[in-house]
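Everything on this sheet refers to the single structure shown next.
Protein chains in written order, with our numbering: chain A, 1 to 112; chain B, 113 to 224.
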């Protein structure tokens, strides 16, 4: 499984875009990049995932570099409720059991 | 729709006692997982199951046993609890077709 590296913490002003980076230089060709977040010790919550192409859903956008060695999660208009620990993970998608490796994540603090 | 439900939410054990944590999902997911989360260490996979009647070890399986007698339930057992098993335990499930894991709210276990 690919190891992921994220900054320990980041700050963002409310209403601004939050850009959370992740390095996954050892990712293999069939591994997807997944992002989850955990709000105040609740269970982790899925945000978005992608293989090669950039992805967008109602929560966030995911930008994956062409060489797939890194990615960025973008929360376009951060709110106070987005304060959480954000985990980047690499894992096989589709019809395979979905083992995910979670590192320490990035603590995102959104300020008023 | 309840999603993934974990019971109990909190528990305090004495060293050497046994207990079973129950995870139930109502999404008809094939895959189920047990993780533990310790301060500063992210989530670590204990055991997982790819279907009814099958289980497999994750990265930290020692001291735990699991069973999946019914598709919707995944049990995590501690036969002889140790203080090192003080942790927050999360259960998750995902479908065969899409590796998006849905997590329960967690069980906070203290072993004295």
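All C-beta atoms in this analysis are idealised placements derived from N, C-alpha and C, irrespective of residue type, glycine included.
Please name the residues in the region 36 to 55 of chain A whose beta-carbon is closer than 9 Å to at least one beta-carbon of chain B, in chain order.
36, 38, 41, 42, 43, 44, 45, 46, 49
Report the rounded CA-to-CA distance for residue 101 of chain A versus residue 188 of chain B, giving the unit in angstroms.
20 Å
Unbroken beta strand (DSSP E) run spanning residue 86 of chain A, endpoints
84 to 92
With a threshold of 8 Å, are at least 3 pairs of Cβ atoms found where one atom belongs to the region 116 to 128 of chain B and the other to the region 59 to 78 of chain A?
no
Please name the residue or residues paired with residue 15 of chain A in a DSSP beta bridge.
According to DSSP, which records beta bridges pairwise, residue 15 of chain A is partnered with nothing at all.
So, for residue 48 of chain A: in the same chain, excluding its five sequence neighbours on each side, which residues have a beta-carbon less than 6 Å away from its beta-carbon?
35, 55, 57, 60, 62
Around the C-beta of residue 209 of chain B, are 16 or more other C-beta atoms found within 10 angstroms, so that it is buried, or is it exposed?
exposed
Would you kindly work out how many angstroms separate the C-alpha atoms of residue 195 of chain B and residue 223 of chain B, rounded to a whole number?
5 Å
Classification of residue 181 of chain B by the beta-carbon crowding that lies within 10 angstroms, buried from 16 upward
exposed
Could you give the residue range of the beta strand (DSSP E) that holds residue 213 of chain B?
Looking at the DSSP string, residue 213 of chain B is not in any beta strand (DSSP E), and its letter there is neither H nor E.
Taking only beta-carbon atoms, is residue 15 of chain A less than 7 Å away from chain B?
no
Interface residues of chain B facing residue 91 of chain A [CB-CB closer than 7 Å]:
211
Nearest candidate by alpha-carbon position, reference residue 155 of chain B, set A:109, A:65, A:85:
A:85
If I measure Cβ to Cβ from residue 89 of chain A and keep anything under 8 Å in the same chain, skipping five residues before and after, which residues do I get?
4, 33, 34, 35, 36, 100, 101, 102, 103
Any beta-carbon of chain A closer than 7 Å to the one on residue 155 of chain B?
yes
Below 8 Å, how does it come out for the region 129 to 149 of chain B and the region 211 to 220 of chain B: are there three or more Cβ pairs, yes or no?
yes
Cβ of residue 104 of chain A within 7 Å of any chain B Cβ:
yes
Option in A:27, A:7, A:2, A:18 with minimal Cα separation from residue 83 of chain A
A:18
Give every residue of the same chain whose Cβ lies closer than 6 Å to the Cβ of residue 12 of chain A, excluding the five residues on either side of it in the sequence, and list them in chain order.
18, 78, 110
In terms of residues, what are the limits of the beta strand (DSSP E) holding residue 169 of chain B?
166 to 169
Report yes if the CB atom of residue 148 of chain B is closer than 7 Å to the CB atom of residue 192 of chain B, and no otherwise.
no
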